Amino acid sequence: MPLKNTNIVSAAHTKFGKLDGVTQREMFAEAVDKATINAGIPKKDIQAAFIGSFIPEMLIHQGHSAPLLLDFAGLKGLPATRHEAACASGATALRAAIMAIESGMYDTVLVAGVEKMTSSTTPEVTEALAAAADDQFESSIGLTFPGVFAIAAVAHMNKYGTTEEDMALVSIKAHKNAATNPLAQFQKPIDMEKALRPPVIAWPLKIFDCSPISDGAAALVLTSNEKAKQYTDLPVKITGSGQASASMNLCDRTELTSFSASVDASRAAYKMAGVTADDMDFAVVHDCFTIAEIIASEDIGFFKPGEGAKAVRDGVTALDGDRPINPMGGLKAVGHPVGATGVKQAVVAYRELIGDAGPNQVPKHDNAVVHNFGGTGATCVVTVMRRADA
Amino acid sequence: MSEKPTVEEYLKNIQEGHFRAYRCVDCGLVIAPPSGSCYGCGSSKMEWTEISGKGELVSFTVIHIAPDEFVEEAPYFIAIVELEEGTRVSARLLGFDPLKPKEVKLGIPLKLDYEKGKSGKTYLAFKPV
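Residue numbers (the numbering used here), protein chains in the order written: chain A, 326 to 715; chain B, 276 to 404.
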């Protein structure tokens, strides 16, 4: 049965990037203000908060973030919990909020995500991110995050003939889309020569195959059908939500050219919404690495296994293509403040669906699928959305 | 080899150059790295098993940008290896030039080895037969 009662009525995120001098709590409060008072939603209407944040303990020596962040953002006293699922932290917070609305427990809730990363050194960030992989069996031999996706890339190249140039095209598309997105970390188009440039991070992935280290925050307000009318004439309905897990260890997976959690979560979300991948006008997927977008585009059913690279080559996933993917620039070029990403992806889908994406507007925008991926692919959350009047 | 296997012992065995896998007492499935329950039948009864040391290369990467602990070893290969017994492990790959990754072909036969890292740790490793 499709979800019946969950609406997004406002959505916003801060600038992503290296936000010097802006602390975690300040960017959180900025995103909350944009999604509440700036959108005409009084903070007093918010009844509970669901917060995605990956690893503030290691990055900024701060645990128990939820009450701290709420206090600073003028929401003191509300029930609030931080949700952690590595890079899928944001979407797991969203999913918990969906359940809270659908159950009837609350009418109006805040979903927010935040990560402050650039105040740590790159080795500190690398070590913190590695905590999302299996420390005893894989990180301990020197496997890194880019390494995990590089192994998937080698398998995909071997099985389907995907090339380094195909992956570079994903990066070129991301930078092109982000060039007109003022909230993006990078707003400069790149060409093939640059996209293939060293340094190699984990062969065959090079620097422009990887999403950056970023700061940023994002926020959404979800409401019931009855309350939604108070805030907007054009809410976005969340009609399906799927979540799945897979082995933490890459070596425990039988398939390396597809992520089973993505397949399982997207099928569950489509089934709940009563739709298929073909009904989706565009997708927002977790392109932490270029190969991740190619594989995700296959796993969510936009393209057959092995045909994701061809779709990029043919421009099918471009902003003006038949099946646009990451129309605002993706993690690759907009940035990847880990805990904020899953919420930011929903912000992008919301803005596209209501026709508020400016130069990044996709032509058809009735239905969208959002794919948020955690760690080595051990968690995936997929959300299906539809504009209320569509 | 009848004692109940533990993760600590599994890791220690590798450090001592004597890699062993888990085997499900109920259905015989060979499992490595360790799992608390069998992927085949769900049983949690495990025992140690010796393995042949033969395997096949499933996929790999070359790590150029490494965490602090491994910086002095980079670039180095990390491979997914399917053992003859059916289970897959992550391991270092030896016997190839990390600056010539295109010379490495998937599917090649490999045999068990170990690599002593500059950190002093011993890694599970494989090399071409």
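Glycine included, each C-beta is placed from N, C-alpha and C at the ideal position. Quick caveat: nothing in here was measured; it's all calculated off a predicted structure.
Inset, instruction - Out of SER390/A, PHE397/A, ASP714/A, state which residue places its alpha-carbon closest to the alpha-carbon of PHE557/A. - result: By one-based count along the first sequence, residue 557/A stands at place 232. The amino acid occupying residue 557/A in the given sequence is Thr; Phe does not appear at that position. For the residues SER390/A, PHE397/A, ASP714/A, the minimum Cα distance to THR557/A belongs to ASP714/A.
Inset, instruction - Mark THR281/B as exposed unless 16 or more other C-beta atoms lie within 10 angstroms of its C-beta, in which case mark it buried. - result: Counting from one through the second sequence, the residue named residue 281/B turns up at place 6. THR281/B is exposed by the Cβ-count criterion.
Inset, instruction - Measuring only between beta-carbons, confirm whether LEU394/A sits less than 8 Å from chain B. - result: Walking along the first sequence from the start, residue 394/A turns up at place 69. It does not: the Cβ of LEU394/A has no partner Cβ on chain B nearer than 8 Å.
Legend entry - Inside the stretch 538-571 of chain A only - alpha helix (DSSP H) runs reaching at least 4 residues: 550-556
Inset, instruction - Taking all protein chains shown into account, decide if MET276/B is buried (16 or more other Cβ within 10 angstroms of its Cβ) or exposed. - result: In the second sequence, counting from the first residue as 1, residue 276/B sits at position 1. Low per-residue confidence applies at MET276/B: pLDDT is 49, beneath 50, and the placement is therefore not dependable enough to give any value.
Legend entry - Burial state of LEU395/A, where buried means 16 or more other Cβ atoms lie within 10 Å: Your numbering for residue 395/A matches position 70 in the first sequence. LEU395/A is buried by the Cβ-count criterion.
Inset, instruction - Might you give, ordered along the chain, the residues of its own chain that have their beta carbon closer than 8 Å to the beta carbon of GLU351/A, omitting 5 neighbours on each side? - result: What you label residue 351/A is simply residue 26 of the first sequence in a count that begins at 1. Contacts found: PHE397.
Legend entry - Of the residues PRO342/B, LYS279/B, ALA354/B, the one placed nearest PHE371/B, counting alpha carbons only: Taking the second sequence and counting its residues from 1, the one referred to as residue 371/B is at position 96. It is ALA354/B whose Cα lies nearest to the Cα of PHE371/B.
Inset, instruction - Could you say if the stretch 409-418 of chain A and the stretch 373-384 of chain A meet the contact criterion of at least three C-beta pairs nearer than 8 Å? - result: yes
Legend entry - Cutoff 8 Å; reference PRO524/A; Cβ partners in own chain excluding five residues on either side: Taking the first residue of the first sequence as position 1, residue 524/A is located at position 199. Hits under 8 Å: LYS531, ILE532.
Inset, instruction - Along the alpha helix (DSSP H) that carries VAL687/A, what are the first and last residues, could you check? - result: If you number the first sequence from 1, residue 687/A lands on position 362. Per DSSP, VAL687/A belongs to no alpha helix (DSSP H) and is neither H nor E.
Inset, instruction - Ignore the nearest five residues each way along the sequence and tell me which others in SER390/A's own chain have a CB closer than 6 Å to its CB. - result: Locating residue 390/A in the first sequence gives position 65, where the first residue counts as 1. Answer for SER390/A: SER378, PRO381, ARG407, listed in chain order.
Legend entry - Three-state secondary structure assigned by DSSP to PRO524/A: The sequence position of residue 524/A within the first sequence is 199, counting from 1. Correct three-state label for PRO524/A: coil.
Legend entry - Integer Cβ distance of CYS705/A from ALA586/A, believed to fall under 8 Å: Position 380 of the first sequence, counted from the start, is the residue given in the question as residue 705/A. Position 261 of the first sequence, counted from the start, is the residue given in the question as residue 586/A. Between CYS705/A and ALA586/A a beta carbon distance of about 4 Å is seen, short of the 8 Å cut, so the two are scored as contacting.
Inset, instruction - List the residues of chain A whose Cβ lies closer than 8 Å to the Cβ of TYR272/B, in chain order. - result: Here chain B comprises residues numbered 276 to 404, so residue 272/B is not present and cannot be evaluated.
Inset, instruction - Check the DSSP bridge columns for HIS500/A and list the partner residues they point to. - result: Counting from 1 along the first sequence, the entry for residue 500/A is found at position 175. DSSP output for HIS500/A lists no bridge partner at all.
Legend entry - Contacts of ILE476/A in chain B (Cβ-Cβ under 9 Å): Working through the first sequence from its first residue, we reach residue 476/A at position 151. Ordered by position in chain B, the residues that pass the 9 Å Cβ test against ILE476/A are VAL333, SER334, PHE335, THR336, ILE353, ALA354, ILE355, SER365.
Legend entry - PHE352/B to PHE401/B span [Cα, whole Å]: Counting from 1 along the second sequence, the entry for residue 352/B is found at position 77. Counting from 1 along the second sequence, the entry for residue 401/B is found at position 126. If I take the Cα positions, the gap works out to 10 Å.
Inset, instruction - Pull up the distance between the alpha-carbon of THR312/B and that of ALA703/A, whole angstroms please. - result: Start at 1 with the first residue of the second sequence, and residue 312/B comes out as number 37. Start at 1 with the first residue of the first sequence, and residue 703/A comes out as number 378. According to the sequence provided, residue 312/B is Ser. The question's Thr does not apply to it. Answer to the nearest angstrom: the Cα atoms are 18 Å apart.
Legend entry - Contact set between HIS339/B and chain A, taken where Cβ atoms lie within less than 8 Å: By 1-based counting over the second sequence, the position of residue 339/B is 64. Going along chain A in sequence order, the residues near HIS339/B (Cβ under 8 Å) are PRO524, VAL525, ILE526, ALA527, TRP528.
Legend entry - Rounded Cβ spacing between PHE627/A and LEU508/A (contact assumed at less than 8 Å): For the purposes of this step, residue 627/A is taken as residue 302 along the first sequence, with counting starting at 1. For the purposes of this step, residue 508/A is taken as residue 183 along the first sequence, with counting starting at 1. Not a contact, Cβ separation roughly 25 Å.
Legend entry - Residues in the stretch 377-398 of chain B having any Cβ partner in chain A nearer than 7 Å: LEU381, TYR398
Inset, instruction - Would you verify that the beta carbon of ASP577/A is, or is not, closer than 8 Å to some beta carbon of chain B? - result: Your numbering for residue 577/A matches position 252 in the first sequence. Yes - at least one Cβ of chain B is within 8 Å of the one on ASP577/A.
Legend entry - Within chain A, partners of LEU286/B - CB distance below 7 Å: Here residue 286/B refers to the residue found at position 11 when the second sequence is read from its first residue. What LEU286/B touches in chain A: GLN461.
Inset, instruction - Please classify VAL610/A: does DSSP put it in a helix, a strand, or coil? - result: Translated into the one-based positions of the first sequence, residue 610/A becomes position 285. Here VAL610/A sits in coil by DSSP.
Inset, instruction - Find out if the Cβ-Cβ distance for the pair GLU291/B, GLY467/A is shorter than 8 Å. - result: For this step, residue 291/B is matched to residue 16 along the second sequence. For this step, residue 467/A is matched to residue 142 along the first sequence. Not a contact, by the Cβ cut-off of 8 Å.
Inset, instruction - Could you confirm whether any beta carbon from chain B is found closer than 8 Å to the beta carbon of PRO448/A? - result: As a position in the first sequence, residue 448/A is number 123, starting the count at 1. True, the Cβ-Cβ gap to chain B drops below 8 Å.
Inset, instruction - Would you please verify whether the beta carbon of GLY664/A is less than 8 Å from any beta carbon of chain B? - result: If you number the first sequence from 1, residue 664/A lands on position 339. Closer than 8 Å: no.
Inset, instruction - Find out if the Cβ-Cβ distance for the pair ALA527/A, THR397/B is shorter than 8 Å. - result: On the first sequence, residue 527/A is found 202 positions in, with the first residue counted as 1. On the second sequence, residue 397/B is found 122 positions in, with the first residue counted as 1. Going by C-beta atoms, ALA527/A is not nearer than 8 Å to THR397/B.
Legend entry - Beta bridge counterpart(s) of MET321/B as assigned by DSSP: The count along the second sequence starts at 1 and reaches residue 321/B at position 46. The partner list for MET321/B (beta bridge, DSSP) reads CYS299/B.
Inset, instruction - Identify whether ASP345/A lies in helix, strand or coil by the three-state DSSP scheme. - result: What you label residue 345/A is simply residue 20 of the first sequence in a count that begins at 1. In the structure shown, ASP345/A falls within a coil segment according to DSSP collapsed to helix, strand and coil.
Legend entry - Opening and closing residue of the beta strand (DSSP E) in which SER334/B lies: As a working note, residue 334/B is residue 59 in the second sequence. Looking at the DSSP string, the run of the beta strand (DSSP E) that includes SER334/B is 329-338.
Legend entry - Strand pairing of MET482/A, partner residues [DSSP]: Taking the first sequence and counting its residues from 1, one reaches residue 482/A at position 157. Paired residue(s): none; MET482/A is not in a bridge.
Inset, instruction - Compute the Euclidean distance between the alpha carbons of LYS669/A and HIS696/A, then round it to the nearest angstrom. - result: Here residue 669/A is taken as the residue at index 344 of the first sequence, counted from 1. Here residue 696/A is taken as the residue at index 371 of the first sequence, counted from 1. Using only the alpha carbons, I get a separation of about 11 Å.
Inset, instruction - Return no unless some Cβ of chain A is closer than 8 Å to the Cβ of GLU359/B. - result: On the second sequence, position 84 is the one that residue 359/B refers to. False, the Cβ-Cβ gap to chain A never drops below 8 Å.
Inset, instruction - Indicate whether the contact test is met: 3 or more Cβ pairs, each with one atom in the stretch 590-598 of chain A and one in the stretch 559-572 of chain A, closer than 8 Å. - result: Yes, the stretch 590-598 of chain A touches the stretch 559-572 of chain A.
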